[in-house]
Structure formats: C-alpha cells, structure tokens
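J.: One structure, pasted below without further comment.
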Amino acid sequence: MSTPASTRSAGTTGTIAVATLMLFSMFFGAGNLIFPPMLGVEAGMGFPLAITGFLAAGVLLPVLSVIAVAITGDDIYDLAQRGGKIFGLIFPILVYLAIGAFYALPRTAVVSFSTAVTPLTGLDSTAAAAVFSAVFFALSLALAFDPTGLVDKLGKYLTPILLTLLIVLVVLSVLTLQSNPGPATEKYTAHPLSAGLIEGYLTMDSLAALAFGIMVVSSLRYKGVPNGPKLVRGVGAAAIGAGALLGVIYVGLGVVGQRVPDARSYEDGATLLTHAAESTMGFAGMVVFGLIVFLACLSTAAGLIGATSEFFHRIMPGISYRSWAIIFAVISLMVSTTGLETVLAIAAPIIGFLYPAAITLVFLTLIEPIFRRKLHYAFLFSLAVAVIWAALMTTISLGWGASVTRPLIDWSPMHAQQLGWVVPTLIAAGLGYVADLILRPVRAVPVGGEHQLEAELRSGHRDSEALEEAVVTHDPEVIAEVQATDAEEAIEALDHRIDAIERERTEATARLEALDEAKKLAEQHAANLRSATDN
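Residue numbers (our numbering): 872 to 1406.
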C-alpha cells in the first residue's frame, strides 16, 4: 500500500520528469539541430575534442545557468542585481531582447520555413514565408498564453514526439550511412576544442537558460515543491536530465555529419540532415525531418515568448503578460519577414558582448554557497572586468579602433581562442573576495527562494527561536526586533517577501485570465446550443 510520503515522492518525480522534457524542448531549437552535423563534417578526425568543446558550451553551461537561477530562486533580473543597479537593469533587458523578438524568435520561423516547408512544397516566395510566419507565431502564442500550463504542454506532448523523431533519424542515419570523416578544416586543425566551444556558444542556450530557468522554478513551486535546498535539487535534476538528452542528441547528430557522403558539398547542417533523412527513409524521411524542425522551433518559440513576456511584465506590470506576449509575437513576425539579415548583423556583436558577463554571473552564483557567505565585491569587480573586456573585444570584431584597443587585451592568455577575458575576470573575482573578507560582515547565502531570515536560521548565524518565529509568521515587527542590529538585512528580507508575493499574484492573475477565457467560450457554446434548440 502506498504511503503519503511515497505518493508525494512519485508526484515530485513526475513533476521533475515533465520539467526535464519541457526544458529540453525549449533549448532544442534551430541552432541546436544544424550546428552539430556541420561540426561533425568540419572537425574530421578532431571530432572527439570538438564535440567536447561543443558540449561544454552547449550543454554544461546551460545546465549550470539553470541551477544558478534555482540557487537564487528568482529570475535573471534579481540575479543581475549582484552587478549593481545599472548592470542589473541593462543586462537582463539585452539578454531577453537578444534571445527574443530581435534575434532568436524571428530565427525560429525563418529556419522552420526554409528547412521544413520549402524542401517539401517548393514554396520560397516572400508572401509564402509571411503567411507561414503568421501561422507559426499564432501557434507559438497560443501555447505561451497560459504560462502555468506551458510546462505540461511542452513536456507531456510536444517533446516526446520530437525526441522520438530525432532518435529515429539519428539511429537510421548512423546505421545506414557509412562514409568516413574527411580532413579537418583550418579552425578545427589548429584548435578543435576551442572551435567546438565557440560553436556551442552560438546555440545561445547559456543565455536562454537564464530566462528559462525561472520557468522551471515557477513550475516546481506551483506543483508544491518548497523553497530552499529541495527546490534547488529539483530544478538541478530537471536541468541535468535535459542536459543529458541534449548531449546524446548532439553527439548523434555530429556522428551523422561524419557519415554523410560528400558532406562538404552541403552549405549548412539543415541541407545535410535533409539529405540524410531522404537517403535513409526516402520522401518519408524528408517529412520526418520537416516535423523535427517545426516542432523544435515551435517549442523554443513558445518558451521564448513566455519567458520574455513574464520578464517585461515584471518590470512594467502596467502591461499584462498576455499583452506582452502579443507584442513580442507581432515584432518577431515583422522582423522575420522584413529585416532579419540586418537585425542579425546587429545582434551578433551584442550576443558576443553578453557571454562573458553571463558566464561570470553564473560561475560566481554557483560557487557563492561554498564560501558560506554572501559575496558583494567579488561580483562587482569581476563583472566590471568581464563587461569592459567584452566591450573591447566587440569593438575589435566590428573594426572600431582596433589598432588602439587590441594592444590592451591581446596579452591575455587564450586571447586567440576568444577567451582572453577569463584570466583577468578570475583575478578580479579573487581581489573582490579579499575585499569581501575585509569589508563585509558574514551573511548566510539564501538558496532556492529563501528569504534572508530563513538562510540565517539554516546557517545558525542568529538566535534560532526568534528567527523561527519570524520565518513562520513573516511578522514585520518580529523581523524588526530580531534584526534590530542590522536594519539593512531586515529590509532585504522584507523586499524578498514582497517579491515572492508579487510573483504569486502574477501567476494567479494569469490563471484567472485563462479561466475567464474558458468561461466566455463555455457561455458562447451554451448560447449556441440554446439557439439550435429553439430552431
């Protein structure tokens, strides 16, 4: 006979499994499908090192990013506040715009049309692309309209279909195609590991993870997983599961690229996979590949619309979540049909600029609990160096004053591999940690959405009985009494509680809107039935 504890455990396991599939489906978009096969082609015999680099940037970093979001228990906006108020506002806005309406969202529609529709139908006109994009974003919007149900829609329905089709394509291609790898291209001959690392960056999953992470956190909270270490473990399990699925699929797609005959004759991974599907399964293979592309892009687009809309609704609550979703869907539609190339040319340097700061933020958030104290100057110093270094690298890539700026950064180790920012940023973090030890009092690190008082209680830094009363009652007077010696900490605890209530209110509002829509549909259906009866 099952016990309540075993029932709760099974329920939690099922919730995490659905969240795992949802996270995989949101990560696995256009770039994730087309980059690994071309890496397999171009890396030649250097494929093992190249795919290792790709997995480090395309799997490990996104997984760590989601866990970092879980540790804070908040979204990227709260995470970025550790770099100061200016950084905390500008950085998340740039991230959401880059992975949203101004880059990744339009790309999902364009890739779906060019690789799924055109090969099957022969349609390639601007008008046909516009009609397809309108339908595509309408479907994405419908999936994203209910943020609390998005996890179930993606995790229970779309992802199993997508995974099944991917496995069929990869297994049949590996078993059927028998070509040997060709010689490596120049970049993979010189630095296969770092070349694979850069290809992994281009999936943009490390940035997307900062946005998607809060959706997993909110989903597990909604399903009853409590704040604190349990929430972190649950989100971590979902992230690791999604990462494992991504890793297996990436390696399989890379091997397909190594086995396709005359692989160098293909312009990109999409055409290569189309040929592989047709060679192994005929026209049915092209249909299977088309479905893979469409489902991968649709699930990613729905996730991006949902995450971006939630963020902008938070910083501008006067506009509802659904209104933001419509705004970003319309902008994405316009960009995908009118000016994608120009926008991509502008967005690429911005993405390169964001990565050093994003990786630094994730790394420090992950190691902060190890030091058993909140870090302040370590974040400020390291993020300042990462941002400045990234800005200099971006100006050089754009050809702006390269003769002046290049000598400032080309001395750093790994500069040739586009990783010159790593060592200076680590040095800055070390100096910041020393400053924290000297200038800052010891404060416990809240994890998984805890407020400061709960963290202090767990860490044993304050009087346990009084703190427990404050945690249970959330009584401002009790909190003020316990924290009389540290007003700043009391204010921080209250702010955190207010933020938690705001998040709960936002989720409740979204559910009420969904119920209201359902009520209207039911009333309309009842009216139609009465009309039919009268007639």
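Every residue, glycine too, gets a C-beta built ideally from N, C-alpha and C.
If we require 4 or more residues per run, which alpha helix (DSSP H) segments fall completely within the region 1015–1083?
T.: Runs found: 1018–1023, 1030–1047, 1057–1061 and 1063–1072.
J.: By alpha-carbon positions, which one of Tyr1226, Gly1272 and Pro907 ends up nearest to glycine 1118?
T.: Walking along the sequence shown from the start, residue 1118 turns up at place 247. For glycine 1118, the nearest C-alpha among the options comes from Pro907.
J.: For alanine 928, which residues from the same chain have a beta carbon less than 6 Å from its beta carbon, with the 5 sequence-adjacent residues on both sides left out?
T.: Residue numbering aside, residue 928 sits at position 57 when the sequence shown is read from its first letter. Result list for alanine 928: Leu1068, Gly1071 and Tyr1072, in chain order.
J.: Excluding five sequence neighbours on each side, which residues of the same chain lie with their C-beta closer than 7 Å to the C-beta of leucine 935?
T.: In the sequence shown, the residue the question calls residue 935 occupies position 64. Same-chain partners within the cutoff: Val1233 and Leu1237.
J.: Between glutamate 1388 and alanine 1000, what straight-line distance do the alpha-carbon atoms span, to the nearest angstrom?
T.: Residue mapping note: residue 1388 aligns to position 517 of the sequence shown, counting from 1. Residue mapping note: residue 1000 aligns to position 129 of the sequence shown, counting from 1. About 31 Å.
J.: Residues in its own chain within less than 8 Å of proline 1132 by CB, not counting five upstream and five downstream?
T.: In the sequence shown, residue 1132 corresponds to position 261, counting from 1. So the qualifying residues of the chain are Leu1048 and Ser1050.
J.: In the DSSP assignment, the alpha helix (DSSP H) including histidine 1146 goes from what residue to what residue?
T.: Numbered from its first residue, the sequence shown carries residue 1146 at position 275. Taken as a continuous stretch (DSSP letters only), the alpha helix (DSSP H) holding histidine 1146 covers 1140–1152.
J.: Going by the beta-carbon positions, is the gap between leucine 1169 and phenylalanine 1007 smaller than 8 Å?
T.: Taking the first residue of the sequence shown as 1, we reach residue 1169 at position 298. Taking the first residue of the sequence shown as 1, we reach residue 1007 at position 136. In contact: leucine 1169 and phenylalanine 1007 (Cβ atoms closer than 8 Å).
J.: Just the C-alpha distance for glutamate 1149 and alanine 998, rounded to the nearest angstrom, thanks.
T.: Here residue 1149 refers to the residue found at position 278 when the sequence shown is read from its first residue. Here residue 998 refers to the residue found at position 127 when the sequence shown is read from its first residue. Approximately 27 Å between the Cα atoms of the pair.
J.: What are the complete alpha helix (DSSP H) segments, minimum 4 residues, inside the region 972–1013?
T.: Counting only runs of 4 or more, we get 975–983 and 989–992.
J.: Taking the beta carbon of alanine 983 as the centre, do at least 16 other beta carbons fall within 10 Å, making it buried, or is it exposed?
T.: Start at 1 with the first residue of the sequence shown, and residue 983 comes out as number 112. Sequence check: residue 983 is serine here, not alanine. Answer is buried; the Cβ neighbour count reaches 16.
J.: Considering Cα atoms alone, identify which of Ser1191, Tyr1226 and Arg1104 is closest to glycine 944.
T.: Position 73 of the sequence shown, counting from 1, holds the residue named residue 944. When each option's Cα is compared against that of glycine 944, the closest is Arg1104.
J.: By alpha-carbon positions, which one of Lys956, Phe899 and Ala969 ends up nearest to glycine 1223?
T.: In the sequence shown, counting from the first residue as 1, residue 1223 sits at position 352. It is Ala969.
J.: For the region 936–955 against the region 1237–1247, are there 3 or more C-beta pairs whose distance is under 8 Å?
T.: The answer is yes - the region 1237–1247 touches the region 936–955, with three or more Cβ pairs under 8 Å.
J.: Flag this pair as touching only if the region 1011–1018 and the region 1155–1174 have three or more C-beta atom pairs under 8 Å; answer yes or no.
T.: Yes: the two stretches touch, three or more of their Cβ pairs being nearer than 8 Å.
J.: Where does asparagine 903 sit, in a helix, a strand or coil, going by DSSP?
T.: Looking up residue 903 in the sequence shown gives position 32. Looking at asparagine 903 - three-state DSSP - the assignment turns out to be helix.
J.: Would you call the region 1241–1257 and the region 1295–1313 touching, i.e. three or more CB-CB distances under 8 Å?
T.: Flag = yes, the region 1241–1257 and the region 1295–1313 touch.
J.: How about threonine 1015 and serine 1180: do their beta carbons lie closer than 8 Å?
T.: Here the question's residue 1015 lines up with position 144 in the sequence shown. Here the question's residue 1180 lines up with position 309 in the sequence shown. Here the sequence assigns alanine to residue 1015, which means threonine is not the residue at that position. Yes, these two residues count as a Cβ contact at 8 Å.
J.: With serine 1207 and serine 996 assumed to form a contact (beta carbons below 8 Å), what rounded beta-carbon distance in angstroms separates them?
T.: Here residue 1207 refers to the residue found at position 336 when the sequence shown is read from its first residue. Here residue 996 refers to the residue found at position 125 when the sequence shown is read from its first residue. Rounded, the Cβ-Cβ distance is 14 Å, inconsistent with contact.
J.: Do proline 1054 and glycine 1140 have their C-beta atoms closer together than 8 Å?
T.: If you number the sequence shown from 1, residue 1054 lands on position 183. If you number the sequence shown from 1, residue 1140 lands on position 269. Against a cut-off of 8 Å, the Cβ pair of glycine 1140 and proline 1054 comes out as no contact.
J.: Three-state secondary structure (DSSP) at valine 966?
T.: Position 95 of the sequence shown, counted from the start, is the residue given in the question as residue 966. Valine 966 falls in the helix class under three-state DSSP.
J.: Could you check what DSSP says for methionine 1285 in three-state terms: helix, strand or coil?
T.: Locating residue 1285 in the sequence shown gives position 414, where the first residue counts as 1. Correct three-state label for methionine 1285: coil.
J.: Pick from Ala1082, Thr1380, Leu1144 and Ala1299: whose alpha carbon is nearest that of tyrosine 948?
T.: The residue given as residue 948 occupies position 77 in the sequence shown. Checked all of Ala1082, Thr1380, Leu1144 and Ala1299; the closest Cα to tyrosine 948 is Ala1082.
J.: With three or more beta-carbon pairs closer than 8 Å as the criterion, would you say the region 1368–1380 touches the region 1183–1198?
T.: The region 1368–1380 vs the region 1183–1198: in contact.
J.: If I measure Cβ to Cβ from alanine 1491 and keep anything under 7 Å in the same chain, skipping five residues before and after, which residues do I get?
T.: Absent from the structure is residue 1491, since the part of the chain shown begins at 872 and ends at 1406.
J.: DSSP state of serine 839, grouped into three classes?
T.: What is shown of the chain runs 872 to 1406, which leaves residue 839 out entirely.
J.: For threonine 1035, which of Leu1046, Asp1076, Met1075 and Ile1120 has the nearest alpha-carbon?
T.: For this step, residue 1035 is matched to residue 164 along the sequence shown. Per the Cα distances, Ile1120.
J.: From arginine 1244 to valine 1313, what distance separates their C-alpha atoms?
T.: Here residue 1244 corresponds to residue number 373 of the sequence shown, with the count starting at 1. Here residue 1313 corresponds to residue number 442 of the sequence shown, with the count starting at 1. Near 6 Å, if we compare the C-alpha coordinates of valine 1313 and arginine 1244.
J.: Should valine 1164 go down as buried or exposed, given a rule of 16 or more other Cβ atoms within 10 Å for buried?
T.: In the sequence shown, the residue the question calls residue 1164 occupies position 293. So valine 1164 counts as buried.
J.: Could you give the distance in angstroms between the alpha-carbon of leucine 1310 and the alpha-carbon of tryptophan 1282?
T.: Translated into positions along the sequence shown, residue 1310 becomes position 439. Translated into positions along the sequence shown, residue 1282 becomes position 411. Straight-line Cα distance between these residues: approximately 32 Å.
J.: In the structure shown, what three-state DSSP assignment does valine 1313 receive?
T.: By one-based count along the sequence shown, residue 1313 stands at place 442. In the structure shown, valine 1313 sits in coil (DSSP, three-state: anything other than H, G, I, E or B).
J.: Leaving out five residues before and five after leucine 931 in sequence, what residues of the same chain have Cβ atoms less than 8 Å from its Cβ?
T.: The residue given as residue 931 occupies position 60 in the sequence shown. For leucine 931, where only same-chain residues beyond five positions count, the Cβ hits under 8 Å are Gly1114.
J.: Applying the 10 Å Cβ sphere with the 16-neighbour rule, what's the burial state of isoleucine 1298?
T.: Along the sequence shown, one-based indexing puts residue 1298 at 427. By the 10 Å Cβ count, isoleucine 1298 comes out exposed.
J.: Using CA coordinates, which residue listed in Phe1182, Leu994, Thr1060 and His1062 is at the minimum distance from serine 1089?
T.: Here residue 1089 is taken as the residue at index 218 of the sequence shown, counted from 1. Of the listed residues, the one whose Cα sits closest to serine 1089 is Phe1182.
J.: Taking 7 Å as the cut-off, does the CB of asparagine 1051 come closer than this to any heavy atom belonging to the ligand PLP?
T.: Although the ligand PLP was asked about, the structure shown includes no ligands whatsoever.
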